[in-house]
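Protein sequences appear in the order of chains S and B. Just so it is clear: in the first sequence, position 386 is 380 by my numbering, and no numbers are missing. Just so it is clear: in the second sequence, position 335 is 329 by my numbering, and no numbers are missing.
There are 2 protein chains.
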Amino acid sequence: MLIMRPKKVILGLFPILEWWKTYTLESAIGDVIAGVTIALTLIPQSMAYAALAGLAPQYGLYASFMAPFVYALMGTCPQINMGPSALLSLLTYTYTHGTNADFGIFLGFLAGITHLIAGVSGIGSLVEYISVPVVSGFTSAAALTIASSQVKGLLGLSYVAGTFVKSWRNFFGVVHKTRLMDSVLSIGCCTTLLTLKTIKEHIKVNTEGLNERQHRRAVIINRFLWFVGVSRNATVVTVATVTAFCVYKDIKTPFLLTGVITPGLPAVRPPPFQTSIGNTTYSAIDMMKHLGSGLIVVPAIGILANVAIVKAFAKGKKVNAKQEILALGVCNVISSFFQSMLVNGSFSRSAVSNASGVRTPGSGIYTGILVVFTLLFLTPYFYFIPRAALASVIVCAVLQMVDYEILRTLWKISRPDMITLLGTFFSCLVMGVEVGLICGVCIDAILLLYYNSRPYLDIKYNDTGSLPAHYSIHPIGGLHFAGAEYMRSKLTALLHPKVDDSPSHRDQEAASTANIPAPTPKSTKFLVVHCDELYRMDYTFLQDIQMLVIDWSRTGRVIWCNAKDSIKNQLKGVLTNPVFCTTKDLGSNMIVTTESQGSSEAEV
Amino acid sequence: MLIMRPKKVILGLFPILEWWKTYTLESAIGDVIAGVTIALTLIPQSMAYAALAGLAPQYGLYASFMAPFVYALMGTCPQINMGPSALLSLLTYTYTHGTNADFGIFLGFLAGITHLIAGVSGIGSLVEYISVPVVSGFTSAAALTIASSQVKGLLGLSYVAGTFVKSWRNFFGVVHKTRLMDSVLSIGCCTTLLTLKTIKEHIKVNTEGLNERQHRRAVIINRFLWFVGVSRNATVVTVATVTAFCVYKDIKTPFLLTGVITPGLPAVRPPPFQTSIGNTTYSAIDMMKHLGSGLIVVPAIGILANVAIVKAFAKGKKVNAKQEILALGVCNVISSFFQSMLVNGSFSRSAVSNASGVRTPGSGIYTGILVVFTLLFLTPYFYFIPRAALASVIVCAVLQMVDYEILRTLWKISRPDMITLLGTFFSCLVMGVEVGLICGVCIDAILLLYYNSRPYLDIKYNDTGSLPAHYSIHPIGGLHFAGAEYMRSKLTALLHPKVDDSPSHRDQEAASTANIPAPTPKSTKFLVVHCDELYRMDYTFLQDIQMLVIDWSRTGRVIWCNAKDSIKNQLKGVLTNPVFCTTKDLGSNMIVTTESQGSSEAEV
């Protein structure tokens, strides 16, 4: 493909070459407004998420400029803003806590490489087979886990966070050390953040029935309210920082502060393939061993989150998941040369971007420029950012990720999915989000196995018409191992309608749902399998068919009607002289003659 | 149920109460012959398998009398002989090597308890969802792993066995220490065993065209040949033991011998809930922690093996898997009070039993009596059994478990199953049978996911007849998350027949297989979903339907025909005003009027 149509491939890899042609001033204005608005959310968030990942705040800022630049070139979804995200920061903490920043950067690099492999090979699309209830349960549990890990920041405590359960257990061990001033500040910050969010979402000046001047003023007021709401993170952090600065006296301070942030842009160098902690030196292999399952789990969740965001904003347009995965990979790899932590699309910032009227992925360029500006000139002032303010930013951002509405919907329209949702949710809370996600996928697989264990057979008893009385079944699609036992038990039940030796519950259920009239005992029984829409069977199913046919051959016949050649071959592989026919043969006295022919092949 | 019909429950639990009524002298003779024949196989095998499990030989004998007694009371399958089995002995070694015999006995007890729980709760039936290729790949790999672990016994070497790969690696480390006499004995034993097996299977005096006397003589010769073949293990071990005894001089011996076996019956006492190794004391909890995943894997494989044997000999009769699992559990629990290692049905002994003309599970009583006799009177002579002879018994027994024929069958009739088979086989060899089995189940799940990701939709374009031109689909059964993306991409392709932005390979494939004529552009498009045989959708699928309908609503309509109430409810949960109709409505000008009505509900 690369050799065949290089131009098309390059255009596919860099959508900017396409949308750039139609980039107007209007688009640019939309993008600038969105880019600046995003930056106001991103800058405080990035530092907070770095803290969540157990890294110094500057790593969050390092992650916030190269990734948006790269995404502007390669991304397909205007709304996506690449940068630190709550979920991936939590996972970074899970896999790297107790180590140093090099591990976090290296994880980002490796995740990027994995994304690229997944994107090129197409393996990445497998994440689309994770069902919505699993994703929802996982996201809600992750939000609660993140919020729980931030309680220490809110109250000025110090303990090791972990899973939801572990965080709260550790919390109750040190709760008596709660710092008053930090708690007061947190309450203030959270209240302000939630109020501003409510204002943005619910309070609007009514613009109907006003004259032109009133109308214009109302529109301006509405825009102002919206902007205040959107920039609430920046506002709250700024106010808290100024407050902390004002009450700061002789190195004594009532709040826990962020402390010194390395000023300036990061040094450009390859990601660390070697690092030292104390006197121990870790090679790249050692680091990979330490990261362990994170090398698979982190990229998988990154892809899952990004594809989900792109889909949410696609509005019915075709999603190019492969290109998105590649873009995510390149963002992470290039960013890791700038000492960045893991980057990913963020759902909350994408929503802000969308509401700000973003037009193209180019808005990332303006966001990135603002972050560079911040790193160059503002870092000295970040010393005074209270940790409680950053924790408040995280808590208020993630709590909206908890989706309890879906419970009501599932109860109404699809209750079995509640098993998956709640199973995923609680295993995430108890065992950690990464293990919980795997549990969720297993629950999905088990449910699928269950559904597949009840294949559609459409058993009927036909005793009218010109044909002798016979049973018919009409299997559809593919028949696989999961359904083999079910099919056999149902069809054997037709032969032995009364099961004397203590039938199990399952058989009773099968018999009652089958709703088949009792066949005449002692007469020859026919089973016509209509194979018109049967496409394949697997070996396990064929084995059960073999046993079934042996069973039926004692008192009856199994006849295969309209089987395709592939199905005929499969059946010939396990049966001696299977009886094939077409619908036309059935119309003649085929069934009766088969009886006298024994098991000879009657293929027409 | 226990309260409702106690008599029926007891009859179900103890099938002996049923078959005892019709137990004739003829049945008894069949059972005695089978019981004695089995004992001749079982006694040498049980000691060999105990060695395979890393236990002293007497534990194999301890496992060989209580279990057949119990199975005679509770079993449903005459052919099954309970006792040590190669597979479970290998697993016992995997989970308990480096400990003492108490761990092996405790594992048997816990496995029995797990069997009982699995049997009563019905969870045990889940093993029936393991496909034939997985079982086959697992069994073949286990046989090779066991045979590899016995090479040290054959050659008189000493190294730590483990997975197939590890055994051979360790073997090549000590191969230069091979003992000549042990090797010679092994070659002799193996040659004899394989020759006798071949005689039993292939050499027969032709009995046709003979007079009565000749005929009788021929029958007697045939029976004698068969008996020599069946008792080959006992013969070979006896001859080897006598040889070892004769060449034994002044404690010097050319062969490695079994050594002292504790004589007499085992002490009857509860299974060990505490044990000491060196100075360390292990509580029951410590022992369970050490056994780890074995507490699940061992009983699961036990159930799997037993159910497979019962099915193989059921000959079309209904299999009472639940009762078999319960019987297996009781056998293990009671046996563990007699210091027994894990017991299970053995495929090879069941085949012998079948060929010996067994009539009822009662034959186990005769086998058990012979084992008791052996323990009481023969153990002193077992000192001289050469280890090479026991290793030869194992190797020749397990090599016939390797099933290479299935590869040819799968190649002919179901190639995708080869992925599962070979995947399971090689992961068992490399990572150990217990991990490999789990890999196999995962491969099964992934294949099932793949099949489910291509649900049967039956997309058609109808432009003849009285109705306006429309697409119709006819989904069947249940629609689940795995197929959601496929359905959406196929149906979205109908709206946008030409995909300009670099379609992925998968889409191209989908388009080419769909075989749908190009629709007229710019006209309103109708999609009629025939729901007659649609039973349920899960939430993920409904979400994709929601997006799909929004997509279609721009240029067309989606109409739900003949939906059941449950389906209607599900659709109403995600769609605003879905359009329902019946076949009759379709016959009228329903489709056209819907267009003018917009998205209002037109339910009749």
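For glycine and all other residues, C-beta sits at the position ideal for the given N, C-alpha and C. Because the structure is a prediction, the values reported are computed rather than measured.
Excluding residues up to 5 positions away in sequence, P355, G356, G358 and I359 lie with their Cβ nearer than 6 Å to the Cβ of A66(S) in the same chain.
Here L372(S) is exposed. Its C-beta has fewer than 16 other C-beta atoms within 10 Å. The C-alpha of P0(B) is placed about 27 Å away from the C-alpha of A308(B). Under the 7 Å criterion on CB atoms, H524(S) is classed as non-interfacial with respect to chain B.
For L536(S), the neighbours in chain B by C-beta distance under 7 Å run, in chain order, I407 and S408. V324(B) and G131(S) have their C-alpha atoms roughly 40 Å apart.
Annotation: N273(B) is outside any alpha helix (DSSP H) and is labelled neither H nor E by DSSP.
DSSP places P380(S) in the strand class (E or B) of the three-state scheme.
Take A137(B), set aside five residues on each side of it, and the residues of its chain with a beta-carbon closer than 6 Å to its own are V392, M395 and V396, in chain order.
For the options T237(B), C555(B), V435(B) and L101(B), the alpha carbon positioned closest to that of N338(B) is the one of L101(B).
Annotation for L336(S): no beta strand (DSSP E) segment contains it, and DSSP assigns it neither H nor E.
The Cβ atoms of S142(S) and S161(S) lie closer than 7 Å to each other. In the DSSP annotation of this structure, the continuous segment of the alpha helix (DSSP H) that includes R211(B) starts and ends at E206 to V224.
When DSSP assignments are scanned along the segment 520 to 545 of chain B, the uninterrupted stretches of beta strand (DSSP E) that are 3 or more residues long and fall wholly within it turn out to be 528 to 531. For the segment 468 to 482 of chain B, residues whose beta-carbon sits nearer than 9 Å to a beta-carbon of chain S comprise I470, G471, G472, H474, F475, A476, A478 and E479. At least 7 Å separates the CB of V429(B) from every CB of chain S. By the CB criterion at 7 Å, I279(B) and F376(B) fall outside the cutoff. Using a Cβ-Cβ cut-off of 9 Å, P127(B) is close to F475, D532, Y533 and T534 of chain S, given in chain order. Distance from the CA atom of R343(B) to the CA atom of I107(B), rounded to whole angstroms, is 25 Å.
Within 10 angstroms of the beta-carbon of W546(B) lie 16 or more other beta-carbons, which makes it buried. V424(B) has its alpha-carbon roughly 29 Å from the corresponding atom of S119(B).
With respect to the 7 Å criterion, F419(B) and T235(B) are not classified as neighbours on the basis of their beta carbons. The beta carbon of Y123(B) sits closer than 7 Å to some beta carbon of chain S. In the assembly as shown, C575(B) is a buried residue. Its beta-carbon has 16 or more other beta-carbons within 10 Å.
Distance from the CA atom of I553(S) to the CA atom of D457(S), rounded to whole angstroms, is 16 Å. In the displayed model, K558(S) falls within coil according to three-state DSSP, outside both helix and strand. The beta carbon of I467(B) sits closer than 8 Å to those of L451, D452, I453, K454, L485, L521, V522, V523 and H524, all from its chain and outside the five residues before and after it, given in chain order. Under the Cβ criterion of 7 Å, D411(B) is counted among the residues facing chain S.
Secondary-structure assignment with DSSP links R551(B) through a beta bridge to F520(B). A95(S) sits away from L36(S), with the two beta carbons spaced by 7 Å or more. In the three-state scheme derived from DSSP, where H, G and I count as helix and E and B as strand, K454(B) is classed as strand. Per DSSP, L442(S) lies in no beta strand (DSSP E); the unbroken alpha helix (DSSP H) holding it starts and ends at V427 to N446. For V64(B), the closest of N75(B), L55(B) and G54(B) by C-alpha to C-alpha distance is N75(B).
L251(S) has P380(S) as its beta-bridge partners, per DSSP. Our two residues, F166(S) and A385(S), have alpha carbons roughly 18 Å apart in a direct line.
The C-beta separation of L536(B) from V568(B) comes to about 5 Å, placing the pair in contact by the 8 Å criterion.
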